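Under the numbering used here, the first residue of the first sequence is numbered 1207, with each subsequent residue one higher. Just below is one structure, and these are the notes that go with it.
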Amino acid sequence: MPELPEVEIVRRGLEPVMLGQRLIGVDQRRADLRFPFPEDFPARLMGRTIASVSRRAKYLVITLCDGTVLIMHLGMSGRFTIEHGTQTIAFGDYVYNTGADAKHDHVVFTLANGARIVYNDPRRFGFMVLSTVGEWTAHPLFADLGVEPLGNELSATYLARKAQGKRSDLKSFLLDQRVVAGLGNIYVSEALHQAALSPRRVAGSLSRADGAPTLRAERLVPEIRKVLRAAIDAGGSSLKDYRQTDGSSGGFQNEFAVYGRDGEPCQRPGCTGTIHRTVQAQRATYACGNCQR
DNA sequence: ACTGTACCCTGTAGGC
DNA sequence: TGCCTACAGGGTACAG
């Protein structure tokens, strides 16, 4: 599920509950997810107080007051559920069971305020890693990451420089986390449609021979930002049998212009084309063959 | 160095 | 009802 907007929504859900709280319980229920858990994972977290809950790309980055950094990735199907008193709020993936699903509850964090934060992940493509305040940005997971798409570093000039000489297609280029960190399969399709660029266009066409950005690159950057901001404002996207639990999250899927709309007419004003689903690099791509060039 | 493919895992939807 | 296949928002490991 989670691309940058969804992870950001999860972060915003966890932060007010976790910030300043001491971890009084870490229940790790299996040896591995996508990767093995770190050695002595619970013991290295227990008793510490949470100093910050932040995000980098699709990673949640939780800093503890002793300098430990807990890095979490939700993979395809990870979600967090906060159980606090009688209230239960879920953040993240709702593709699968929306009810009790203890079978895939892999980690339970208990806070001093009594809240229980349950990590559930049926496909187990998520993972958790430990690092330190001084070292985590140099961790192999982060060392080669590209720029944050909502930060100042993303520019047409940056994209053009990264794209120069690249012969792969534009969609694969944008999915590459070393280029723009946090984009995923949905929002790449959406941004390319908004920018009227074909996902099959060669990535190098964002760059002129001298490495300067083309007009396509100039057009693409603001559309990437816009679609991500709009998704965050809408509380992220949720597919399939999503049900709202806190009344405020997860409606952007209703605003997709192309994703999941195979066979539907293009919504671009004046365009008479049809959205088609194709496959690139084993992933579904949705685009209008008429207005995206 | 690049580019493309196979693969990790479970659950769900749809065809028969 | 069951069986089978294809597909799902993630990233990595390898082969060429």
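C-beta atoms are modelled at their ideal positions from N, C-alpha and C, and glycine is treated no differently. Predicted model, so just to flag it, every value in this text is computed and none were measured.
About 7 Å separates the beta carbon of residue 1277 from that of residue 1334, a gap short enough to meet the 8 Å contact definition. Counting only the Cα atoms, residue 1227 lies some 23 Å from residue 1341.
Where residue 1326 is concerned, the enclosing beta strand (DSSP E) starts and stops at 1322-1326.
In the displayed model, residue 1231 falls within a strand according to three-state DSSP.
Nearest C-alpha to residue 1294 among 1351, 1331, 1223: 1223.
Counting along the chain, the unbroken beta strand (DSSP E) around residue 1311 starts and ends at 1311-1317. Straight through space, the alpha carbons of residue 1275 and residue 1490 are spaced by roughly 35 Å. For residue 1417, the closest alpha carbon among the candidates 1463, 1264, 1364 is that of 1364.
Residue 1465 holds the alpha-carbon nearest to the alpha-carbon of residue 1482 among 1346, 1465, 1476, 1474. Counting along the chain, residue 1260 sits inside the beta strand (DSSP E) bounded by residues 1256-1262. Listed in chain order, the beta strand (DSSP E) elements of length 3 or more contained wholly in the stretch 1429-1492 are 1481-1486. Under a 10 Å Cβ-count criterion, residue 1494 is classified as buried, with 16 or more other Cβ atoms of the shown protein chains found around its own Cβ. For residue 1338, the CB contacts under 8 Å within the same chain, skipping 5 residues up- and downstream, are 1273, 1274, 1275 in chain order. Here residue 1235 is near residue 1312, since their CB atoms are less than 8 Å apart. Judged by their CB atoms, residue 1321 and residue 1354 are not nearer to each other than the 8 Å cut-off.
The beta carbons of residue 1285 and residue 1319 sit no closer together than 8 Å.
Straight-line spacing of the CA atoms in residue 1385 and residue 1218 works out to 25 Å. A Cβ-Cβ distance of about 15 Å is found for the pair residue 1220 and residue 1232, leaving them out of contact under the 8 Å criterion. The secondary-structure analysis by DSSP pairs residue 1274 across a beta bridge with 1338.
Ranked by Cα distance from residue 1230, the first of 1389, 1316, 1246 is 1316.
Put simply, the backbone Cα of residue 1473 is about 7 Å away from that of residue 1463. Here residue 1422 is not bridged, per DSSP, to any residue.
Under the DSSP definition of a beta bridge, residue 1497 lacks any partner. About 11 Å separates the beta carbons of residue 1209 and residue 1438, which is beyond the 8 Å limit, so they are not a contact pair. Two segments are said to touch when three or more pairs of C-beta atoms, one from each, lie closer than 8 Å; by this definition the stretch 1238-1249 does not touch the stretch 1430-1437. The alpha-carbon of residue 1324 is positioned some 30 Å away from that of residue 1382.
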